[in-house]
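**Student:** The sequence shown begins at 0 in numbering that gives the first Met the number 0 and counts up one residue at a time.
For every residue, glycine included, the Cβ atom is placed at its ideal position computed from N, Cα and C.
Sharing a structure below in structure tokens format, with a few things to ask.
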Amino acid sequence: MNMINFDEKKIIENGEIIYRQRGKIEAIADEITKNGFDLLLFTSSGGSQAMLDPFPFYIRHMSKLPTENVLSADLMLGACNRITDKTVAFLTSKSGDTGETVQAARWLKEQGVYIVSVVGKENSVLESVSDACVVYGDGRPQEMVLYLMIGRILYNSGCFDAYPRFADELKNLAYALAQVRKQADEKCREYALNYHGEPYNIWVGSGDLWPTAYSYSMCVLEESQWIRTKSVSSPEFFHGTLELLEKDVCMTLLLTEGPTRILDERVKEFAVRHTDKLTCFDTADYALPGISDEFRKYLSPVIMAAVLQRISKNIEEITGHSLDIRRYYRKESY
Numbered sequence: 000m001n002m003i004n005f006d007e008k009k010i011i012e013n014g015e016i017i018y019r020q021r022g023k024i025e026a027i028a029d030e031i032t033k034n035g036f037d038l039l040l041f042t043s044s045g046g047s048q049a050m051l052d053p054f055p056f057y058i059r060h061m062s063k064l065p066t067e068n069v070l071s072a073d074l075m076l077g078a079c080n081r082i083t084d085k086t087v088a089f090l091t092s093k094s095g096d097t098g099e100t101v102q103a104a105r106w107l108k109e110q111g112v113y114i115v116s117v118v119g120k121e122n123s124v125l126e127s128v129s130d131a132c133v134v135y136g137d138g139r140p141q142e143m144v145l146y147l148m149i150g151r152i153l154y155n156s157g158c159f160d161a162y163p164r165f166a167d168e169l170k171n172l173a174y175a176l177a178q179v180r181k182q183a184d185e186k187c188r189e190y191a192l193n194y195h196g197e198p199y200n201i202w203v204g205s206g207d208l209w210p211t212a213y214s215y216s217m218c219v220l221e222e223s224q225w226i227r228t229k230s231v232s233s234p235e236f237f238h239g240t241l242e243l244l245e246k247d248v249c250m251t252l253l254l255t256e257g258p259t260r261i262l263d264e265r266v267k268e269f270a271v272r273h274t275d276k277l278t279c280f281d282t283a284d285y286a287l288p289g290i291s292d293e294f295r296k297y298l299s300p301v302i303m304a305a306v307l308q309r310i311s312k313n314i315e316e317i318t319g320h321s322l323d324i325r326r327y328y329r330k331e332s333y
């Protein structure tokens, strides 16, 4: 199999970078549980916020623990009125210097909030403001940090008894996701070949995959490839966007294995009747060696991210447009 820009050994090694920190991550979670909290707040910016968003979703579906997820820019304008000195906030930034995120961290610190950051670079500004920090460096997927930390908090709170087995199996996650990439590559390359030149694209997802649909369409197709997209959640699709569906309109649907799958299937049933350009990427189609079936419902975001990365790698080569090119982002002040 000749796959563009694919290094299985490196993918597995990157997973080990994070998993080796399991003890540290769980110790942070234990400290949070021991000290108590009145709110678990998830706040960041852009694709980093989208990476966080599935975790308050899981908390709401698995427990009654108080949680909110708010963009940092909105947070600074009063979007959360529940913050106290017993709040715990989770922030993430690949660079560790994202403007709105750092500003939010400093403001939260002034409120006495306990801050946990997940960053890609050592000695960052965000790390300096935080009470606890996990640096993943080249480690992937970054979500593994949160699976371990939030999973442990849920376990300590009596809401996730299977966590020890789940955490043990996460050591296999990077390898499993490498196999997902192999399984998905042919379909993703065909998708990239067929649709890279479409003038308009609708992306749809729900639940823990809504952040994935939103962030992939915005942070990859729009930001990195300058491809015009519209992202909409599966339940909201029927309150406006459905009217734009025609036989030649390109639509991509992401199907989760989580509790909102029924909403995705409803969209699929409608879309197959109204467009000839529907593509469905379903996490259930991909084997996850080393991961028990009972845990798949928590892993849809990282499975789908592995699938969609193969679109990115192929579309970059097909279009000749590097994923690193930007016109405005971090190029000028705004």
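Quick one: grab the DSSP three-state call for Y57.
**Tutor:** Start at 1 with the first residue of the sequence shown, and residue 57 comes out as number 58. Helix, per DSSP.
**Student:** Could you name the residues of the same chain whose beta carbon sits closer than 8 Å to that of E221, not counting the 5 residues immediately before and after it, in chain order?
**Tutor:** Position 222 of the sequence shown holds residue 221. If we look at E221 and ignore the five residues flanking it on each side, its Cβ neighbours are R227 and T228.
**Student:** Could you spell out the range, first to last residue, of the beta strand (DSSP E) harbouring Y113?
**Tutor:** The residue given as residue 113 occupies position 114 in the sequence shown. Y113 to V118 is the extent of the beta strand (DSSP E) around Y113.
**Student:** Evaluate contact between the segment 157-176 and the segment 234-254, counting only Cβ atoms and requiring at least three cross-stretch pairs below 8 Å.
**Tutor:** They do not touch, by the three-pair rule.
**Student:** How about L153 and A166: do their beta carbons lie closer than 7 Å?
**Tutor:** Counted from its first residue, the sequence shown places residue 153 at position 154. Counted from its first residue, the sequence shown places residue 166 at position 167. Cβ atoms of L153 and A166: not closer than 7 Å.
**Student:** So I3 and N313 are supposed to be a Cβ contact under 8 Å. How far apart are they, rounded?
**Tutor:** Here the question's residue 3 lines up with position 4 in the sequence shown. Here the question's residue 313 lines up with position 314 in the sequence shown. Yes, they are in contact, since the Cβ atoms of I3 and N313 sit about 6 Å apart, within 8 Å.
**Student:** Short of 7 Å in beta carbon distance, which residues of its chain neighbour S92, apart from the five on each side in sequence? Order them along the chain.
**Tutor:** Here residue 92 is taken as the residue at index 93 of the sequence shown, counted from 1. S43, S47, T100, V118 and L125.
**Student:** Measuring alpha carbon to alpha carbon, tell me which residue in A88, I310 and T97 is nearest G111.
**Tutor:** Taking the sequence shown and counting its residues from 1, one reaches residue 111 at position 112. Residue A88 is the option with its Cα nearest to G111.
**Student:** At which residue ranges does the segment 224-303 contain complete alpha helix (DSSP H) runs of 4 or more residues, listed in the order of the chain?
**Tutor:** Taking only runs of at least 4 residues, the alpha helix (DSSP H) segments lying wholly in the segment 224-303 are 233-236 and 260-270.
**Student:** CB-CB under 8 Å to I58, same chain, minus the five flanking residues each way: which ones, in chain order?
**Tutor:** Counting from 1 along the sequence shown, the entry for residue 58 is found at position 59. Once the five neighbours on either side are set aside, the close Cβ partners of I58 are L39, L64, T66, I149 and L153.
**Student:** In angstroms with no decimal places, state the Cα-to-Cα distance between G204 and P53.
**Tutor:** Counting from 1 along the sequence shown, the entry for residue 204 is found at position 205. Counting from 1 along the sequence shown, the entry for residue 53 is found at position 54. Distance between the alpha carbons of G204 and P53: 12 Å.
**Student:** Could you spell out the range, first to last residue, of the beta strand (DSSP E) harbouring N68?
**Tutor:** As a first step, residue 68 must be located in the sequence shown, where it is residue number 69. First-last of the beta strand (DSSP E) with N68: T66 to N68.
**Student:** Would you say L244 and T278 are within 7 Å of each other, going by their C-beta atoms?
**Tutor:** Indexing the sequence shown from 1 puts residue 244 at position 245. Indexing the sequence shown from 1 puts residue 278 at position 279. Cβ distance not < 7 Å, so L244 and T278 don't count as in contact.
**Student:** To which residues of the same chain is V128 closer than 8 Å at the C-beta, ignoring the five residues directly before and after it?
**Tutor:** In the sequence shown, the residue the question calls residue 128 occupies position 129. Cβ neighbours of V128 beyond the five flanking positions: V101, A104, R105, K108, I114 and S116.
**Student:** Do you know how far the Cα of R19 is from the Cα of V134?
**Tutor:** Within the sequence shown, the letter at position 135 stands for residue 134. Within the sequence shown, the letter at position 20 stands for residue 19. Cα to Cα, the separation comes out at about 12 Å.
**Student:** In three-state DSSP terms, what is C79?
**Tutor:** Indexing the sequence shown from 1 puts residue 79 at position 80. In this structure, C79 counts as coil in the three-state DSSP scheme.
**Student:** Let me know the secondary structure DSSP gives L51 once reduced to three states.
**Tutor:** Locating residue 51 in the sequence shown gives position 52, counting from the first residue. Note: L51 maps to helix in three-state DSSP.
**Student:** Write down the C-beta distance between C158 and S62 rounded to the nearest angstrom, noting that I regard them as a contact closer than 8 Å.
**Tutor:** Residue 158 sits at position 159 when you count from the first residue of the sequence shown. Residue 62 sits at position 63 when you count from the first residue of the sequence shown. Confirmed, Cβ separation roughly 4 Å.
**Student:** Please classify L76 as buried or exposed, where buried requires at least 16 other C-beta atoms within 10 Å of its C-beta.
**Tutor:** In the sequence shown, residue 76 corresponds to position 77, counting from 1. Exposed is the call here.
**Student:** Smallest Cα separation from R151: which of A212, I27, G206 and A72?
**Tutor:** Along the sequence shown, read from residue 1 onward, the residue named residue 151 stands at position 152. Of A212, I27, G206 and A72, the residue nearest in Cα terms is I27.
**Student:** Helix, strand or coil: how does DSSP classify L147 here?
**Tutor:** As a working mapping, residue 147 is identified with position 148 in the sequence shown. Three-state result, L147: helix.
**Student:** Output yes or no for whether 7 Å exceeds the beta carbon distance between I16 and G98.
**Tutor:** As a first step, residue 16 is located in the sequence shown; it is residue number 17 there, counting from the start. As a first step, residue 98 is located in the sequence shown; it is residue number 99 there, counting from the start. No, the pair does not count as a contact, with Cβ atoms beyond the cut-off.
**Student:** Pick out the complete alpha helix (DSSP H) segments inside the segment 144-221, 4 residues or longer, and give them in chain order.
**Tutor:** Runs found: 162-168, 172-194 and 209-214.
**Student:** Just to confirm, is the Cβ distance from D207 to T282 under 7 Å?
**Tutor:** In the sequence shown, residue 207 corresponds to position 208, counting from 1. In the sequence shown, residue 282 corresponds to position 283, counting from 1. No, they are not a contact pair.
**Student:** With 16 other CB atoms within 10 Å as the buried threshold, where does R180 fall?
**Tutor:** Walking along the sequence shown from the start, residue 180 turns up at place 181. With 16 or more other Cβ atoms within 10 Å, it is buried.
**Student:** Just the C-alpha distance for E121 and E189, rounded to the nearest angstrom, thanks.
**Tutor:** Against the sequence shown, residue 121 aligns to sequence position 122. Against the sequence shown, residue 189 aligns to sequence position 190. Approximately 39 Å, taken between the alpha carbons.
**Student:** By the DSSP assignment, the beta strand (DSSP E) with L39 in it spans what residues?
**Tutor:** Translated into the one-based positions of the sequence shown, residue 39 becomes position 40. Here the beta strand (DSSP E) through L39 covers L38 to F41.
**Student:** By Cβ distance, which residues of its chain are closer than 7 Å to E315, with the 5 residues on each side in sequence left out?
**Tutor:** Counted from its first residue, the sequence shown places residue 315 at position 316. These residues qualify, in order along the chain: S321 and L322.
**Student:** Which whole-angstrom value is the C-beta distance of H195 and I317, which I expect to be below 8 Å?
**Tutor:** Working through the sequence shown from its first residue, we reach residue 195 at position 196. Working through the sequence shown from its first residue, we reach residue 317 at position 318. At roughly 6 Å, the Cβ-Cβ gap stays under 8 Å, so H195 and I317 are in contact.
**Student:** One question on the structure: do L262 and F280 come within less than 7 Å of each other, judged by their Cβ atoms?
**Tutor:** Position 263 of the sequence shown, counted from the first residue, corresponds to residue 262. Position 281 of the sequence shown, counted from the first residue, corresponds to residue 280. Against a cut-off of 7 Å, the Cβ pair of F280 and L262 comes out as no contact.
**Student:** Thinking C-beta only, is G95 closer than 7 Å to S123?
**Tutor:** Position 124 of the sequence shown, counting from 1, holds the residue named residue 123. Position 96 of the sequence shown, counting from 1, holds the residue named residue 95. Cβ distance < 7 Å, so S123 and G95 count as in contact.
**Student:** Can you tell me whether R164 is buried or exposed, with buried defined as 16 or more other CB within 10 angstroms of its CB?
**Tutor:** Here residue 164 refers to the residue found at position 165 of the sequence shown. Classification for R164: exposed.
**Student:** Which two residues bound the contiguous alpha helix (DSSP H) that contains T97?
**Tutor:** Taking the sequence shown and counting its residues from 1, the one referred to as residue 97 is at position 98. Segment: none, T97 is in no alpha helix (DSSP H) and carries neither H nor E.
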